[in-house]
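There are 2 protein chains.
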Amino acid sequence: MEGAEATRIMMGVNESTIKGYPHASISSRGAFDWTLQKIVRSNTSGFKLLFLHVQVPDEDGFDDMDSLYASPEDFKNMKHRDRTRGLHLLEYFVNRCHEIGVACEAWIKKGDPKEVICHEVKRVQPDLLVVGSRGLGPFQRVFVGTVSEFCQKHAECPVISIKRRADETPQDPVDD
Amino acid sequence: MEGAEATRIMMGVNESTIKGYPHASISSRGAFDWTLQKIVRSNTSGFKLLFLHVQVPDEDGFDDMDSLYASPEDFKNMKHRDRTRGLHLLEYFVNRCHEIGVACEAWIKKGDPKEVICHEVKRVQPDLLVVGSRGLGPFQRVFVGTVSEFCQKHAECPVISIKRRADETPQDPVDD
Numbered sequence: 001m002e003g004a005e006a007t008r009i010m011m012g013v014n015e016s017t018i019k020g021y022p023h024a025s026i027s028s029r030g031a032f033d034w035t036l037q038k039i040v041r042s043n044t045s046g047f048k049l050l051f052l053h054v055q056v057p058d059e060d061g062f063d064d065m066d067s068l069y070a071s072p073e074d075f076k077n078m079k080h081r082d083r084t085r086g087l088h089l090l091e092y093f094v095n096r097c098h099e100i101g102v103a104c105e106a107w108i109k110k111g112d113p114k115e116v117i118c119h120e121v122k123r124v125q126p127d128l129l130v131v132g133s134r135g136l137g138p139f140q141r142v143f144v145g146t147v148s149e150f151c152q153k154h155a156e157c158p159v160i161s162i163k164r165r166a167d168e169t170p171q172d173p174v175d176d
Numbered sequence: 001m002e003g004a005e006a007t008r009i010m011m012g013v014n015e016s017t018i019k020g021y022p023h024a025s026i027s028s029r030g031a032f033d034w035t036l037q038k039i040v041r042s043n044t045s046g047f048k049l050l051f052l053h054v055q056v057p058d059e060d061g062f063d064d065m066d067s068l069y070a071s072p073e074d075f076k077n078m079k080h081r082d083r084t085r086g087l088h089l090l091e092y093f094v095n096r097c098h099e100i101g102v103a104c105e106a107w108i109k110k111g112d113p114k115e116v117i118c119h120e121v122k123r124v125q126p127d128l129l130v131v132g133s134r135g136l137g138p139f140q141r142v143f144v145g146t147v148s149e150f151c152q153k154h155a156e157c158p159v160i161s162i163k164r165r166a167d168e169t170p171q172d173p174v175d176d
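One line per chain: the protein sequences are V and R, in this order. Here the first sequence is numbered in full-length UniProt numbering, starting from 1 and rising by one per residue. Here the second sequence is numbered in full-length UniProt numbering, starting from 1 and rising by one per residue.
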């Protein structure tokens, strides 16, 4: 049990549909808090968290996709351009990890979130993928799709899907 | 992070289809080993494992379902009758936990495994359910059903499904 490499947990995180960038969605924050409280606990050296944010492509040709953020300082050097584009969504998660003393890495990719997450799992080979989920009913799922269901079927590693707490669900449950 | 109650992980475990009782299936052992290596790690006081074995009912009216096993000694008092019926499948898991120093409980229920597991999740309210999976293809799944898919949809807690390692898959992948 001891002496092994840290357990690498990948987390797919996205922005709030209500507040926009740089705010993380309710389900992303919930999944992150759950992982810290229930899995990492006090064993901060036993885990490394890998935060992936997938941006849906837009028209302005933004393609600075190769930056890796691992400490609060990395965000200080971030260009103004990237800040306005919401890249500092990741800053929240990296700062929290830094405070607690859990190693982390964070990066951004562009594309269809569910496809990109599964592709990155294949590339990075984490021990576990954690994704937040809005816990929508079958009717709502048809229209908005669900990343978590797709990943549970297709990701090449074990997957935990963490549903939002009932008391954190916004008036319109499609919001997050 | 510290001072909180232990994270309670429920595991559904079953017997080997090849070797029968009291041997645990390949996927049950794999899910158990994964949980120890990747989640519990050295933090043995931070977790409690709850082993549930669901027996499919047979005709001899066996109904001694209320025993709880939490240490190797508990199995010494087991009646010969129960031993021949395979209840000591649970002994393997309880002994391993005892060696490592992880608190555990183990019990047996009768019924349809997927329904009973979800029912027990509702009753016991673990933080996480871990189930092993044979990782069958869609064609095989139609005929044998899969407990893990059902639980991922219906259990009222986060679920991890751990697939068997490729090098542990028997000649006939339906075996376990």
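For each residue, glycine too, the CB sits at the ideal point set by N, CA and C.
On a Cα-Cα basis, can you pick out the residue from the options that is closest to residue i?
i                 : options                                  : result
Glu120 of chain V : V:Ser148, V:Val54 and V:Asp74            : V:Val54
Leu159 of chain R : R:Asn43, R:Asp127 and R:Thr169           : This sequence places Val at residue 159 of chain R; Leu is not what is there. It is R:Asp127 whose Cα lies nearest to the Cα of Val159 of chain R.
Leu87 of chain V  : V:Asp175, V:Ala24, V:Asp172 and V:Ala166 : V:Ala24
Leu52 of chain V  : V:Lys76, V:Ser16, V:Pro22 and V:Pro113   : V:Pro113
Ile100 of chain R : R:Cys118, R:Asp33, R:Thr146 and R:Cys151 : R:Asp33
Thr44 of chain R  : R:Ile18, R:Cys97 and R:Gly20             : R:Cys97
Cys151 of chain V : V:Ser42, V:Cys118 and V:Lys38            : V:Cys118
Gly110 of chain R : R:Ala166, R:Val40 and R:Val56            : For the sequence presented, residue 110 of chain R should be read as Lys rather than Gly. Considering only alpha carbons, the answer is R:Val56.
Pro22 of chain V  : V:Val147, V:Arg123, V:Phe75 and V:Ser42  : V:Phe75
Phe47 of chain V  : R:Lys38, R:Phe47 and R:Lys48             : R:Lys38
Arg165 of chain V : V:Val13, V:Ile26, V:Ala4 and V:Gly12     : V:Ile26
Lys148 of chain R : V:Gly137, V:Lys153, V:Ser148 and V:Asn77 : At residue 148 of chain R the sequence reads Ser, which differs from the Lys that was named. Checked all of V:Gly137, V:Lys153, V:Ser148 and V:Asn77; the closest Cα to Ser148 of chain R is V:Lys153.
Tyr69 of chain R  : R:Gly137, R:Ala4, R:Asp175 and R:Trp107  : R:Trp107
To which residues does DSSP link residue i through a beta bridge?
i                 : result
Ala106 of chain R : R:Phe51 and R:Tyr69
Ala24 of chain V  : V:Glu15
Met10 of chain V  : V:Leu50 and V:Leu129
Ile100 of chain R : Paired residues: none, contrary to the question.
Ile162 of chain R : R:Gly132
Would you say residue i reaches chain V, if we count a Cβ-Cβ gap shorter than 8 Å as a contact?
i                 : result
Ser71 of chain R  : no
Asp127 of chain R : yes
Ser42 of chain R  : yes
Gly135 of chain R : no
Glu20 of chain R  : Contrary to the premise, residue 20 of chain R reads as Gly rather than Glu in this sequence. No - not a single Cβ of chain V is within 8 Å of the one on Gly20 of chain R.
Gly46 of chain R  : yes
Met1 of chain R   : In this prediction, Met1 of chain R has a pLDDT of 46, which is less than 50 and means its spatial position is unreliable; what the coordinates show is noted afterwards. It does: the Cβ of Met1 of chain R has a partner Cβ on chain V nearer than 8 Å.
Asp176 of chain R : no
Roughly how far, in whole angstroms, is the beta-carbon of residue i from the beta-carbon of residue j, given that I think they are within contact range, below 8 Å?
i                      : j                 : result
residue 201 of chain R : Ala31 of chain R  : As displayed, chain R neither begins before 1 nor continues past 176, which places residue 201 of chain R out of reach and without an answer.
Ser67 of chain V       : Val94 of chain V  : About 12 Å; that fails the 8 Å criterion.
Leu50 of chain V       : Arg8 of chain V   : 6 Å
Val130 of chain R      : Ile162 of chain R : 6 Å
Ala6 of chain V        : Ala103 of chain V : 7 Å
Ile18 of chain V       : Pro170 of chain V : 6 Å
Asp15 of chain V       : Leu89 of chain V  : Note that residue 15 of chain V is Glu in the sequence shown, not Asp. Indeed they touch by this definition, with Cβ atoms about 5 Å apart.
Met10 of chain V       : Val124 of chain V : 6 Å
Val13 of chain R       : Ser28 of chain R  : 4 Å
Strictly under 8 Å for the Cβ-Cβ distance: is residue i near chain R by that measure?
i                 : result
Thr7 of chain V   : yes
Tyr92 of chain V  : no
Arg96 of chain V  : no
Ala4 of chain V   : yes
Gly132 of chain V : no
Gly12 of chain V  : no
Lys109 of chain V : no
Going by the C-beta, is residue i closer than 7 Å to any heavy atom of the ligand MN?
i                : result
Thr17 of chain R : Absence of the ligand MN from the depicted structure is noted, as is the absence of any ligand whatsoever, leaving it without description.
- Which of the residues in the region 26-39 of chain R, read from start to end, lie with their CB under 8 Å from any CB of chain V? Against chain V - using a Cβ distance shorter than 8 Å - the residues of the region 26-39 of chain R are Trp34, Leu36, Gln37, Lys38 and Ile39.
- Along the region 149-173 of chain V, what residues have a CB closer than 8 Å to any CB found in chain R? If you check each beta-carbon in the region 149-173 of chain V against every beta-carbon of chain R, the ones closer than 8 Å belong to Gln152, Pro158, Val159, Ile160, Ser161, Ile162 and Lys163.
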